[in-house]
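Data first, discussion second: the structure below is written as structure tokens.
Residue numbers (this note's numbering), protein chains in the order written: chain A, 467 to 579; chain B, -18 to 94.
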């Protein structure tokens, strides 16, 4: 079956530091890959996505590249802000099928001033 | 175009009571998904429904849990005889029939006391 593994948190960074959150996946076929963000007390928001190999998803300074050879979709941001503090979920869904999403366990990011 | 609407946002039930969680999908979306997020964990798929049909309920507990998506009105996730272990955040997502990305609601946080 499908699975997503992401680095455990919490991750604590100073403002303007570089962020990487690792994510690898196992799936049959060619899934679509996503990063969702959950701010404290809020629901999930789609941050970015990529639907095929070598695609790069980007939004709000975050980016992730779909690497089929390493089955990875690492999230990066060059300079984090305090407002980026949240839980980040890596996820996948099978392309062509319905949007049943498999989530990683989430990585909590805390950015300190 | 309003997003996925869930209500209530917070629900408190005593052990043995019933919990009803409602989800109105985005306009034009006919596919609804329910996920459960236990404390400190990622989201787990529960059930996928289309209008008047349950398509995939592989993530639903066999007892006490049921879901419906009637021809008219919101999708309902129903939990009978709640227990403390049912305390969680329940998220609904919807997607269009053409297979686009799923959008999530803000969730209902159920607390069983």
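A virtual CB, placed ideally from N, CA and C, is assigned to each residue, including glycine.
Do you know whose CA, among the options, lies nearest residue i's CA?
{"i": "residue 567/A", "options": "484/A, 510/A, 483/A", "result": "510/A"}
{"i": "residue 91/B", "options": "32/B, 35/B, 61/B", "result": "61/B"}
{"i": "residue 574/A", "options": "560/A, 467/A, 556/A", "result": "556/A"}
{"i": "residue 52/B", "options": "44/B, 45/B, 33/B", "result": "33/B"}
{"i": "residue 530/A", "options": "542/A, 495/A, 490/A", "result": "542/A"}
{"i": "residue 26/B", "options": "570/A, 534/A, 485/A", "result": "570/A"}
{"i": "residue 545/A", "options": "467/A, 468/A, 484/A", "result": "484/A"}
{"i": "residue 518/A", "options": "560/A, 467/A, 504/A", "result": "560/A"}
{"i": "residue -7/B", "options": "81/B, 82/B, 68/B, -13/B", "result": "68/B"}
For a contact defined as C-beta to C-beta under 8 Å, what are the partners of residue i on chain B?
{"i": "residue 567/A", "result": "14, 16, 24, 26, 74, 83"}
{"i": "residue 571/A", "result": "22, 23"}
Who are the neighbours of residue i on chain A, taking C-beta pairs under 7 Å?
{"i": "residue 88/B", "result": "509"}
Here's a check: name, in chain order, each residue in its chain whose Cβ is nearer than 7 Å to the Cβ of residue i, leaving out the five neighbours to either side.
{"i": "residue 1/B", "result": "57, 59"}
{"i": "residue 64/B", "result": "-4, 93"}
{"i": "residue 525/A", "result": "513, 514"}
{"i": "residue 72/B", "result": "16, 18, 24, 85, 86, 88"}
What span of residues does the beta strand (DSSP E) with residue i cover, start to end?
{"i": "residue 555/A", "result": "552 to 560"}
{"i": "residue 70/B", "result": "69 to 76"}
{"i": "residue 19/B", "result": "Element bounds for residue 19/B: n/a, residue is neither H nor E."}
{"i": "residue 505/A", "result": "Neither: residue 505/A is in no beta strand (DSSP E) and is coded neither H nor E."}
{"i": "residue 46/B", "result": "46 to 49"}
{"i": "residue 473/A", "result": "Here residue 473/A belongs to no beta strand (DSSP E), and DSSP marks it neither H nor E."}
{"i": "residue 34/B", "result": "34 to 37"}
{"i": "residue 490/A", "result": "489 to 492"}
Within a Cβ cutoff of 8 Å, which residues of the same chain sit near residue i, ignoring the five residues on either side of it in sequence?
{"i": "residue 576/A", "result": "476, 477, 478, 479, 551"}
Report all residues from its chain with a CB closer than 6 Å to the CB of residue i; omit the five preceding and five following residues, and keep chain order.
{"i": "residue 28/B", "result": "15, 38, 41, 48"}
{"i": "residue 488/A", "result": "473, 540"}
{"i": "residue 490/A", "result": "471, 537, 538"}
{"i": "residue 516/A", "result": "499, 523, 532"}
{"i": "residue 506/A", "result": "none"}
Q | Near-chain B residues of the segment 510 to 526 of chain A (beta-carbon distance less than 8 Å), N- to C-terminal order | A | Cβ contacts with chain B come from 510, 511, 512, 515.
Q. When Cβ atoms are compared, which residues of the segment 46 to 72 of chain B fall closer than 9 Å to chain A?
A. Those residues of the segment 46 to 72 of chain B placed with their C-beta closer than 9 Å to a C-beta in chain A are 70, 72, ordered along the chain.
Q | Residues within the segment 528 to 560 of chain A neighbouring chain B, beta-carbon criterion of under 7 Å | A | Closer than 7 Å at the C-beta level to chain B, one finds these residues of the segment 528 to 560 of chain A: 555.
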